[in-house]
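If you read the sequences in order, they're chains F and S. Here the first sequence stands for residues 1 to 408, numbered as in the working numbering. Here the second sequence stands for residues 409 to 495, numbered as in the working numbering.
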Amino acid sequence: MDRQIVLSDLNACYASIEIARDPNLRGKPVAVCGSVEERHGIILAKSDLAKQAGIKTGMVRWQAMLLCPNLITVPPNIELYRRVTNRVREIYSDYSNLRDDFSIDESWIDLTGTCRIGKEVRLVHEIRERLKAETGLTASMGLSWNRIFAKIGSDIAGPDAVAEITRDNMKDVVWPLPADVMMGVGRATKRKLNDMGIETIGELAAANPDFLKRRFGKNGTVLYAFANGIDTTPIRAEGTGPPVKSIGNSTTTSRDMVNDEDVRIVLMTLAESVGMRLREERFKGYVVEFALRTTDLRWLIHQRKIKRPTNTTWDILEVGFQLYKEVRTLPLRSIGIRVSTLVSADEPEQMNLFENEIKNDNQRAIDRAVDTIREAYGFHSIQRGLTRLDEKLGTLNAREENVTFARF
Amino acid sequence: MQRIYVDISVDYSKDGTMMPAAIKWEDGYRYEIDRVLDVRRAASAAGSMGVRYTVRIMGQERRLFFEDTYSETGKPRWFVESAIPSS
Numbered sequence: 001m002d003r004q005i006v007l008s009d010l011n012a013c014y015a016s017i018e019i020a021r022d023p024n025l026r027g028k029p030v031a032v033c034g035s036v037e038e039r040h041g042i043i044l045a046k047s048d049l050a051k052q053a054g055i056k057t058g059m060v061r062w063q064a065m066l067l068c069p070n071l072i073t074v075p076p077n078i079e080l081y082r083r084v085t086n087r088v089r090e091i092y093s094d095y096s097n098l099r100d101d102f103s104i105d106e107s108w109i110d111l112t113g114t115c116r117i118g119k120e121v122r123l124v125h126e127i128r129e130r131l132k133a134e135t136g137l138t139a140s141m142g143l144s145w146n147r148i149f150a151k152i153g154s155d156i157a158g159p160d161a162v163a164e165i166t167r168d169n170m171k172d173v174v175w176p177l178p179a180d181v182m183m184g185v186g187r188a189t190k191r192k193l194n195d196m197g198i199e200t201i202g203e204l205a206a207a208n209p210d211f212l213k214r215r216f217g218k219n220g221t222v223l224y225a226f227a228n229g230i231d232t233t234p235i236r237a238e239g240t241g242p243p244v245k246s247i248g249n250s251t252t253t254s255r256d257m258v259n260d261e262d263v264r265i266v267l268m269t270l271a272e273s274v275g276m277r278l279r280e281e282r283f284k285g286y287v288v289e290f291a292l293r294t295t296d297l298r299w300l301i302h303q304r305k306i307k308r309p310t311n312t313t314w315d316i317l318e319v320g321f322q323l324y325k326e327v328r329t330l331p332l333r334s335i336g337i338r339v340s341t342l343v344s345a346d347e348p349e350q351m352n353l354f355e356n357e358i359k360n361d362n363q364r365a366i367d368r369a370v371d372t373i374r375e376a377y378g379f380h381s382i383q384r385g386l387t388r389l390d391e392k393l394g395t396l397n398a399r400e401e402n403v404t405f406a407r408f
Numbered sequence: 409m410q411r412i413y414v415d416i417s418v419d420y421s422k423d424g425t426m427m428p429a430a431i432k433w434e435d436g437y438r439y440e441i442d443r444v445l446d447v448r449r450a451a452s453a454a455g456s457m458g459v460r461y462t463v464r465i466m467g468q469e470r471r472l473f474f475e476d477t478y479s480e481t482g483k484p485r486w487f488v489e490s491a492i493p494s495s
């Protein structure tokens, strides 16, 4: 029997939450926009009206204001969005315990076996209605027998609506769409496909799989399967998410970093937050990755495998700074650091004859002490001297503000 | 339509069910809730959302919200939907 999978995508999630909170914003172009003073002044989300005025996510605030002078911008309130989207997920949980959260506002829900066969569309509409009544938010929902087409369904459904893609209608609905509508086809893949004369999902589905495999490697087989609606990836039961693959953090500073010391100060705060997360989750990692963004907004990433896995703030800082020195460019707008290839922190370690083990032990003791103090009295209760050299650069509460987990 | 945050007296039953018992209005007057007619999660027309208690007070139906998700203070609060602007 085919599965019944829904992708629910909240419409203009952040902006809608702001409007749901303050009815005075209804019927006005609204955008959630980072703080201009701290130079995060880009559009993070926009309401339908703002979208119609041509506002795009990622635009700088002044560009947006030129396009739409009566645009109302509100500062982001991530904590609130998380609370509301958790509430939304609780509603999904009333229908199935099989759910994968693709992002903060998109979830796959596996409804297989939760209602009588043939009644699934009605059930999806019920979820959509409940969502609207209980949270004031609307969603685009796609229903299909696989995740890929469910996602396409939600993309074509329009706001507050459901699109069902069945084996009968997929040839008419999905296959004429351009290939890059499908998950897994990004800009580069689309260009390559176009060079091969493949424009639509249907053409991709009809292509020779061996040919695709030669051109794209393993990914070619995946693309072929996706285009044909073949996808057997199970939707995981709640609370059994895939293991964390890496822990990282990045920040855009309130002024450009112009010398090595600036970079070191910011890197210190980032290393502290990443180290703290690693220790909290009981991981250590083999690979340290340093990312920088220049003032023309281009990212550059440099990484290295280290001999022994680590989670100490000091190691992360030192390796990160070494990586920075190897690719040194100034001035910088943003930097980030990430630790991956994680293993359990409890895994035994081979000591090294030529390394100062006492120093390593001391670093671990410092981290433990700092973590304990911070847990009891808050992040800012104890600071590294380095971060006090420049108050503005050093005061990012990285732990609470920006920690990201990547699961890929 | 707007939200008026109010002080509330709540009855808790042995099994943990929470029911509003009386509203203390801005002017200090205490209105007993005669009956709770309906309880469900809902978004409010005055913005925000929460657990909505449709209640009867002195023959009048009012909608009372336990605002657990949107609360700006971080703690759940109660509000009444009101068509009259706050003084």
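Here a beta-carbon is modelled for each residue, glycine too, at the ideal position from N, C-alpha and C. Source: prediction; values computed, not measured.
- Taking all protein chains shown into account, Lys46(F) has 16 or more neighbouring C-beta atoms within 10 Å of its C-beta and is therefore buried.
- Bridge pairing for Phe149(F): absent [DSSP].
- When C-alpha distances from Ala157(F) are compared across Asp180(F), Leu342(F), Val124(F), Asp367(F), the shortest belongs to Val124(F).
- For a Cβ distance threshold of 9 Å, nothing in chain S lies close to Leu49(F): the least Cβ distance comes to about 17 Å.
- Taking the Cβ atoms as the reference, Ser154(F) lies roughly 40 Å from Asp256(F), outside the contact range of under 8 Å.
- A check of alpha carbon separations from Leu472(S) across Tyr420(S), Thr425(S), Met457(S), Tyr437(S) identifies Met457(S) as the nearest.
- A distance below 6 Å between beta-carbons, with the five flanking residues on each side excluded, links Met183(F) to the following residues of its chain, in chain order: Ile148, Lys151.
- Going by DSSP, Trp108(F) is part of the beta strand (DSSP E) stretching over 106-110.
- Taking 8 Å as the upper bound for CB-CB distance, Ala12(F) and Asp48(F) are in contact here, some 6 Å apart.
- Boundaries of the alpha helix (DSSP H) around Leu80(F): 78-93.
- A direct Cα-to-Cα measurement between Arg187(F) and Asp110(F) gives close to 29 Å.
- Taking C-beta atoms under 8 Å as the contact rule, Ala451(S) and Gly27(F) fail to qualify, at a distance of about 16 Å.
- Residue range 457-465 is occupied by the beta strand (DSSP E) that includes Tyr461(S).
- Bridge partners of Met351(F) according to DSSP: none are assigned.
- In this structure, Pro76(F) sits near Leu44(F), with a CB-CB distance shorter than 8 Å.
- Secondary structure of Ala365(F) (DSSP, three-state): helix.
- No Cβ-Cβ contact shorter than 8 Å links Leu270(F) with Asn311(F).
- Using a CB distance cut-off of 8 Å, Arg21(F) counts as an interface residue toward chain S.
- The beta-carbon distance between Leu204(F) and Leu193(F), rounded to whole angstroms, is 7 Å. This is short enough to meet the 8 Å contact definition.
- Ser254(F) is positioned such that its CB atom lies no closer than 8 Å to that of Ile335(F).
- Near chain S, meaning a CB-to-CB distance below 9 Å, the residues of the stretch 123-141 of chain F are Arg130, Lys132, Ala133, Glu134, Thr135, Gly136, Leu137.
- Its chain contains Asn11, Arg128, Lys132, Thr138, Ala139, Ser140 as the residues whose beta carbon lies nearer than 8 Å to that of Asp160(F), once the 5 sequence neighbours on both sides are disregarded; these appear in chain order.
- Straight through space, the alpha carbons of Ile72(F) and Leu330(F) are spaced by roughly 35 Å.
- Cα atoms of Phe290(F) and Asp100(F): separation of roughly 29 Å, rounded to the nearest angstrom.
- For the stretch 472-491 of chain S, the beta-carbon criterion of a distance under 7 Å to any beta-carbon of chain F is satisfied by Thr477, Tyr478.
- Look at Gln4(F) here: in three-state DSSP terms it is coil, with no helix or strand label.
- Our two residues, Ile306(F) and Val274(F), have alpha carbons roughly 16 Å apart in a direct line.
- Pairing Lys190(F) with Ala179(F) gives a Cβ-Cβ distance under 8 Å.
- In the DSSP assignment, the residues bridged to Pro428(S) are Val418(S).
- The beta carbon of Val447(S) lies closer than 6 Å to those of Tyr461 in the same chain, with the five residues before and after it left out.
- Within a 10 Å sphere around the beta-carbon of Leu223(F) sit 16 or more other beta-carbons, which makes this residue buried.
- The beta carbons of Leu332(F) and Leu267(F) sit no closer together than 8 Å.
- Nearest neighbour of Gln303(F) by Cα position, chosen from Thr294(F), Leu297(F), Gly285(F), turns out to be Gly285(F).
- Proximity of chain S to Arg87(F) at the Cβ level (cut-off 7 Å) is accounted for by Thr477, in chain order.
- Taking all protein chains shown into account, Ala31(F) has 16 or more neighbouring C-beta atoms within 10 Å of its C-beta and is therefore buried.
- For Pro309(F), the number of other beta carbons within 10 angstroms of its own is at least 16, and it is reported as buried.
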